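Below is one structure, written out as structure tokens; the observations come after it.
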Amino acid sequence: MGEAGKGEKRVDYMNLPCPLPFEEIQREALMSLKPELFEGLRFDFTKGLNHKFSLSHSIFMGSTEVPSQSKDTIKIPTAHYEFGANFLDPKLMLVGRVLTDGRLNARVKCDLTDNLTLKINAQLTNEPHFSQGMFNFDYKGSDYRTQFQIGNNAFYGANYIQSVTPHLSLGSEVFWLGHQRKSGIGFAARYNKDKMVATGQIASTGIVALSYVQKVTEQGSLASDFMYNHMTGDVTSSFGYDYIFRQCRLRGKIDSNGVVAAFLEERLNMGVNFILSAEIDHLKKDYKFGFGMTLGE
Amino acid sequence: MGSPSPPPPLGLASVLPPKEAEEKKEKKVDYLNLPCPVPFEEIQREALMSLKPELFEGLRFDFTKGLNHKFSLSHSVFMGSMELPSQSSDTLKVPTAHYEFGANYLDPKLMLVGRILTDGRLNARVKCDLTDNLTMKINAQLTNEPHYSQGMFNFDYKGKDYRAQFQIGNNAFYGANYIQSVTPHLSLGSEVFWLGHQRKSGIGFAARYNTDKMVATGQIASTGIVALSYVQKVSEKVSLASDFMYNHMTRDVTSSFGYDYILRQCRLRGKLDSNGVVAAYLEERLNMGVNFILSAEIDHRKKDYKFGFGMTVGE
Numbered sequence: 001m002g003e004a005g006k007g008e009k010r011v012d013y014m015n016l017p018c019p020l021p022f023e024e025i026q027r028e029a030l031m032s033l034k035p036e037l038f039e040g041l042r043f044d045f046t047k048g049l050n051h052k053f054s055l056s057h058s059i060f061m062g063s064t065e066v067p068s069q070s071k072d073t074i075k076i077p078t079a080h081y082e083f084g085a086n087f088l089d090p091k092l093m094l095v096g097r098v099l100t101d102g103r104l105n106a107r108v109k110c111d112l113t114d115n116l117t118l119k120i121n122a123q124l125t126n127e128p129h130f131s132q133g134m135f136n137f138d139y140k141g142s143d144y145r146t147q148f149q150i151g152n153n154a155f156y157g158a159n160y161i162q163s164v165t166p167h168l169s170l171g172s173e174v175f176w177l178g179h180q181r182k183s184g185i186g187f188a189a190r191y192n193k194d195k196m197v198a199t200g201q202i203a204s205t206g207i208v209a210l211s212y213v214q215k216v217t218e219q220g221s222l223a224s225d226f227m228y229n230h231m232t233g234d235v236t237s238s239f240g241y242d243y244i245f246r247q248c249r250l251r252g253k254i255d256s257n258g259v260v261a262a263f264l265e266e267r268l269n270m271g272v273n274f275i276l277s278a279e280i281d282h283l284k285k286d287y288k289f290g291f292g293m294t295l296g297e
Numbered sequence: 001m002g003s004p005s006p007p008p009p010l011g012l013a014s015v016l017p018p019k020e021a022e023e024k025k026e027k028k029v030d031y032l033n034l035p036c037p038v039p040f041e042e043i044q045r046e047a048l049m050s051l052k053p054e055l056f057e058g059l060r061f062d063f064t065k066g067l068n069h070k071f072s073l074s075h076s077v078f079m080g081s082m083e084l085p086s087q088s089s090d091t092l093k094v095p096t097a098h099y100e101f102g103a104n105y106l107d108p109k110l111m112l113v114g115r116i117l118t119d120g121r122l123n124a125r126v127k128c129d130l131t132d133n134l135t136m137k138i139n140a141q142l143t144n145e146p147h148y149s150q151g152m153f154n155f156d157y158k159g160k161d162y163r164a165q166f167q168i169g170n171n172a173f174y175g176a177n178y179i180q181s182v183t184p185h186l187s188l189g190s191e192v193f194w195l196g197h198q199r200k201s202g203i204g205f206a207a208r209y210n211t212d213k214m215v216a217t218g219q220i221a222s223t224g225i226v227a228l229s230y231v232q233k234v235s236e237k238v239s240l241a242s243d244f245m246y247n248h249m250t251r252d253v254t255s256s257f258g259y260d261y262i263l264r265q266c267r268l269r270g271k272l273d274s275n276g277v278v279a280a281y282l283e284e285r286l287n288m289g290v291n292f293i294l295s296a297e298i299d300h301r302k303k304d305y306k307f308g309f310g311m312t313v314g315e
């Protein structure tokens, strides 16, 4: 029901769109500003056995930083191989990964009903007391979402996000860490239109995070990000671009910590991607360069 | 001194291509007209080019700009990791970066090359043709650290089928070498040197046998080094090379085997070592004057991995 003469359509508050899940509020900014930078060689191979099941082999050889007492950065060469299996069904998704350094990742996503989803996330390691597991129950309403989380180490959390107008959604979360008797509360807001997304998040742990993504052209978007940690006094701001062309995707970013990074994925052939990753930390004089290849879908 | 000319062709022989005069399989070797041999230090040239590409770790960017047809400048940036000497068997790497500025002057008779790095090193090379046969070469590396600078003067004389070289270096280094073509395919040479400060002297011998498709070299020196190499050109685009080195003093033995593919748009060199090192080096021509480089080296024994990529712009 529009009104003639005014520019705005009348907002139907009974029919708002369903918002994004609470943990994916900053999704666009994260995708543009945080590519998986690496140092060394990376080789991934994904083989689909049938349309639901696929295996993946991933090799990484390169340098990783070791913590050192002096200001210098010291790296040692490491290598690992990761084997993975994925099962994808409309109602059930199972993902498992095993690494040669003894870690196992497992993820389950199961649609119990049309609106209720169960997610399980587990990381098991060799070292005692370092394994983690988390159960999430997600309920999707018509214009809201709510989530309840139970994790090991007696972690309990809940979050709720609601569409307030067709462009704005507001949410909040609470959590409780049993062993350390710590609890926290946080609030988030997301405003998005066709060409831009702005989000803000604030939590009682002392973290303030803001982000803004603007789609400048069909192929390019710019993103910026601001994070302030009140406990440690850390402030970081970054600015990046994301160009998606037919044959390649180039993401570049510059940071207030003096870090410049770039990540290029180029499609050489059907299913064959070539990757270049570069990160220069001017303050610490640390340089990380890597290249790799991804085969398979 | 060729064979007598054949009788004039008759009948069918006049339309068929003339047969060569009756020849043995080998042409008679003209020992007074042997080709000039390769210089003594370049005996293993083909094997070195195939088996020892400039592997690196990190990012390399080179830009060469020609100011005119004789003079060019070059800018080179390198950012990556360098290994630190460490007591334990672990490999430790530290990120380093340097910028190198260079200038080249190339004349038919005179060549001047200078390079200066941000870590304080200066390289200078001069090559000057004093006469048609006599060449003088000067090679200097100057550094910040005292007693680490080096300089060397070389005088090369090129004869008809021999070459002789005399070297004078700092630290009272004197050397001379001589190489002579013995047959059209084989050249033999020897060198002597004397290090003044340590009162050390040495003598060495080298041999090089090459045909169209293969090169085999051998070198032995009184410092206890034996080096052999063999390069075979398998096809127009492919050649295989292998190399063997034995050091009697340190009891080091290394043998390596490699291939060199030179295709239209790229050059790929791969190598496998007896120390468990596998290396590969790819140069791809993206455009006129723009080259993309990938370098990889995996040391399986020490579990050390070095990967790098780079770009070279300019001729």
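Protein chains in written order, with UniProt numbering: chain A, 1 to 297; chain B, 1 to 315.
A virtual CB, placed ideally from N, CA and C, is assigned to each residue, including glycine.
Since the structure is predicted, the reported quantities are computational estimates derived from the model, not experimental observations.
DSSP three-state label for A/Phe130, please. Position 130 of the first sequence holds residue 130 of chain A. Residue state, collapsed to three classes: coil.
C-alpha gap between B/Leu134 and B/Tyr157, whole angstroms: As a working mapping, residue 134 of chain B is identified with position 134 in the second sequence. As a working mapping, residue 157 of chain B is identified with position 157 in the second sequence. B/Leu134 and B/Tyr157: Cα-Cα distance of roughly 5 Å.
Quick test of your reading: A/Pro19 and A/Gln162, contact by CB under 8 Å. State the CB separation rounded to the nearest angstrom. Locating residue 19 of chain A in the first sequence gives position 19, counting from the first residue. Locating residue 162 of chain A in the first sequence gives position 162, counting from the first residue. The Cβ separation is near 7 Å, so the contact holds.
B/Met249 versus B/Arg163 - alpha carbon distance: Locating residue 249 of chain B in the second sequence gives position 249, where the first residue counts as 1. Locating residue 163 of chain B in the second sequence gives position 163, where the first residue counts as 1. If I take the Cα positions, the gap works out to 30 Å.
Outcome for A/Ala145 when other beta-carbon atoms lying within 10 angstroms are tallied against a minimum of 16: Along the first sequence, one-based indexing puts residue 145 of chain A at 145. Looking at the sequence provided, one finds Arg at residue 145 of chain A rather than Ala. With 16 or more Cβ atoms within 10 Å of its Cβ, A/Arg145 is classed as buried.
With burial defined as no fewer than 16 other Cβ atoms inside 10 Å of the residue's Cβ, what is the status of B/Val215: buried or exposed? Here the question's residue 215 of chain B lines up with position 215 in the second sequence. When all chains shown are included, B/Val215 counts as buried.
Would you say B/Leu59 lies against chain A (beta-carbon separation less than 8 Å)? Mapped onto the second sequence, residue 59 of chain B falls at position 59. So, interface residue.
What does B/Asp304 touch in chain A if you count any residue whose Cβ is under 8 Å from its own? Position 304 of the second sequence, counting from 1, holds the residue named residue 304 of chain B. Chain-order list of chain A residues neighbouring B/Asp304: Pro77, by C-beta distance under 8 Å.
Answer with buried or exposed for A/Gln247, where buried requires no fewer than 16 other C-beta atoms within 10 angstroms of its C-beta. Along the first sequence, read from residue 1 onward, the residue named residue 247 of chain A stands at position 247. A/Gln247 is exposed by the Cβ-count criterion.
In its own chain, which residues sit with a C-beta less than 7 Å from the C-beta of B/Ser239, not counting the 5 before and 5 after it? Start at 1 with the first residue of the second sequence, and residue 239 of chain B comes out as number 239. The residues are Ser50, Val231, Gln232, Lys233, Asp260.
Quick one: what's got a C-beta closer than 6 Å to B/Leu117's C-beta in the same chain, skipping five residues either side? The residue you call residue 117 of chain B lines up with position 117 of the second sequence. For B/Leu117, where only same-chain residues beyond five positions count, the Cβ hits under 6 Å are His98, Glu100.
On the three-pair Cβ rule with 8 Å, is the region 220-237 of chain A touching the region 46-61 of chain A? Contact between the region 220-237 of chain A and the region 46-61 of chain A is not established, with fewer than three Cβ pairs separated by less than 8 Å.
Across the region 198-210 of chain A and the region 51-70 of chain A, are there enough close Cβ pairs to call them in contact, namely three or more that are closer than 8 Å? no
Just checking: is the beta-carbon of A/Phe291 within a distance shorter than 8 Å of some beta-carbon in chain B? As a first step, residue 291 of chain A must be located in the first sequence, where it is residue number 291. Closer than 8 Å to some Cβ of chain B, the Cβ of A/Phe291 qualifies, so yes.
Exposure label - B/Ser256; buried when at least 16 CB within 10 Å: In the second sequence, counting from the first residue as 1, residue 256 of chain B sits at position 256. Under this definition B/Ser256 is a buried residue.
When the Cα atoms are used, what is the spatial distance from A/Gly258 to B/Phe71? Along the first sequence, one-based indexing puts residue 258 of chain A at 258. Along the second sequence, one-based indexing puts residue 71 of chain B at 71. Taking the straight line from one Cα to the other gives about 37 Å.
Find the nearest neighbour of A/Asp242 within the set A/Ser32, A/Asp234, A/Pro128, A/Met14, judged by alpha-carbon distance. Numbered from 1 along the first sequence, position 242 holds the residue referred to as residue 242 of chain A. For the residues A/Ser32, A/Asp234, A/Pro128, A/Met14, the minimum Cα distance to A/Asp242 belongs to A/Ser32.
Evaluate B/Val38 with the Cβ neighbour count: other Cβ atoms within 10 Å of its Cβ, from every protein chain shown; 16 or more gives buried, anything less gives exposed. If you number the second sequence from 1, residue 38 of chain B lands on position 38. When all chains shown are included, B/Val38 counts as buried.
Interface residues of chain B around residue 298 of chain A at Cβ under 7 Å? This structure cannot settle anything about residue 298 of chain A, because the visible part of chain A is limited to 1 through 297.
Are the C-beta atoms of B/Pro95 and some chain A residue less than 8 Å apart? The residue given as residue 95 of chain B occupies position 95 in the second sequence. B/Pro95 counts as touching chain A.
Whole-angstrom distance between B/Leu294 and B/Asp273, CA atom to CA atom: On the second sequence, residue 273 of chain B is found 273 positions in, with the first residue counted as 1. On the second sequence, residue 294 of chain B is found 294 positions in, with the first residue counted as 1. Going from the Cα of B/Asp273 to the Cα of B/Leu294 covers about 19 Å.
Buried versus exposed, by CB contacts within 10 Å (16 or more), B/Glu54: Taking the first residue of the second sequence as position 1, residue 54 of chain B is located at position 54. Counting C-beta atoms within 10 angstroms of its own C-beta, B/Glu54 has fewer than 16 neighbours from the protein chains shown and is therefore classed as exposed.
Could you tell me which uninterrupted beta strand (DSSP E) segments, each at least 3 residues in length, are contained entirely in the region 126-199 of chain B, listed from first to last along the chain? 134-142, 150-158, 162-169, 173-181, 186-195
In angstroms with no decimal places, state the Cα-to-Cα distance between A/Thr236 and A/Leu30. Position 236 of the first sequence holds residue 236 of chain A. Position 30 of the first sequence holds residue 30 of chain A. Answer to the nearest angstrom: the Cα atoms are 14 Å apart.
A/Glu218 - containing beta strand (DSSP E), residue span: In the first sequence, residue 218 of chain A corresponds to position 218, counting from 1. From DSSP, A/Glu218 is part of no beta strand (DSSP E); its letter is neither H nor E.
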